[in-house]
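A.B. asks: Just so you know, our numbering puts 109 at position 102 of the sequence shown, and the rest follows in order with no gaps. All C-beta atoms in this analysis are idealised placements derived from N, C-alpha and C, irrespective of residue type, glycine included.
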Amino acid sequence: MDYKAIQELIQTINESGLYSLEVESNGTRIKMSKGPEQVLVGSAPAMSKVAVEVLDEPQTVATVEAPKTKANEKIEVVTDDNLHIIKSPIVGTFYASASPEKPHFVSVGTMVKKGSILCILEAMKLMNEIESDVDGEVVEVLVKSEDMVEYGQSLFKIKETGR
Numbered sequence: 008m009d010y011k012a013i014q015e016l017i018q019t020i021n022e023s024g025l026y027s028l029e030v031e032s033n034g035t036r037i038k039m040s041k042g043p044e045q046v047l048v049g050s051a052p053a054m055s056k057v058a059v060e061v062l063d064e065p066q067t068v069a070t071v072e073a074p075k076t077k078a079n080e081k082i083e084v085v086t087d088d089n090l091h092i093i094k095s096p097i098v099g100t101f102y103a104s105a106s107p108e109k110p111h112f113v114s115v116g117t118m119v120k121k122g123s124i125l126c127i128l129e130a131m132k133l134m135n136e137i138e139s140d141v142d143g144e145v146v147e148v149l150v151k152s153e154d155m156v157e158y159g160q161s162l163f164k165i166k167e168t169g170r
């Protein structure tokens, strides 16, 4: 089976009501199954949008009195306990922008809304847009463009707004 035939199978299962499909041709066996947010080919994603797992840990914000500052202002300490961690749902290459000459989708300080595109992960020549599933501010980007990422690797830290 060639690449084009596999792409056609992916599109067919995407557009149909089929939940799973298994095909064997010339000694090559392909098994596809479709879940609510993604289609899997073997272990590779096939849709352009992938669900993102967000760790929802207990939220705490510590307020600390700063010793002898000019205005003796209160400083909010940002810890991992009050951040959402966006993790990679697949193994692939991380791209911070749609192309090298275009600006990054997000950077530190960017306010994002639920559904905002954070990055693209390329797996087997398929581009997967990774979206935020929370409203908030990006406080850290943990990988650089064109880095290889593993399944479950932390990509972004987002401080959720509205809590």
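Output the distance between the C-alpha atoms of Ser32 and Gln18, rounded to the nearest integer angstrom.
C.D. replies: In a straight line, the C-alpha of Ser32 is about 18 Å away from that of Gln18.
A.B. asks: Would Val150 pass as a contact of Val156 if the rule is Cβ separation under 9 Å?
C.D. replies: Yes, the pair counts as a contact, with Cβ atoms nearer than the cut-off.
A.B. asks: Spell out the partners DSSP gives Ser32 in its beta bridges.
C.D. replies: Answer by DSSP bridge pairing, in chain order: Thr35.
A.B. asks: Taking its Cβ as the centre, do 16 or more other Cβ atoms sit within 10 Å of Pro96, making it buried, or is it exposed?
C.D. replies: Burial call: buried.
A.B. asks: Assign Glu167 to one of three DSSP states: helix, strand, or coil.
C.D. replies: It is a strand residue.
A.B. asks: According to the neighbour-count rule (16 or more other Cβ atoms, all chains shown, within 10 Å of its Cβ), is Lys11 buried or exposed?
C.D. replies: Label assigned to Lys11: exposed.
A.B. asks: If Val145 and Ser114 are in contact, beta carbons under 8 Å, what's the gap, nearest whole angstrom?
C.D. replies: That belief holds up - the Cβ atoms of Val145 and Ser114 are roughly 7 Å apart, short of 8 Å.
A.B. asks: According to DSSP, is Thr117 part of a helix, a strand, or is it coil?
C.D. replies: Coil at Thr117, not helix or strand.
A.B. asks: Can you grab the Cα-Cα spacing for the pair Asp9 / Met131, in whole Å?
C.D. replies: Cα to Cα, Asp9 sits roughly 13 Å from Met131.
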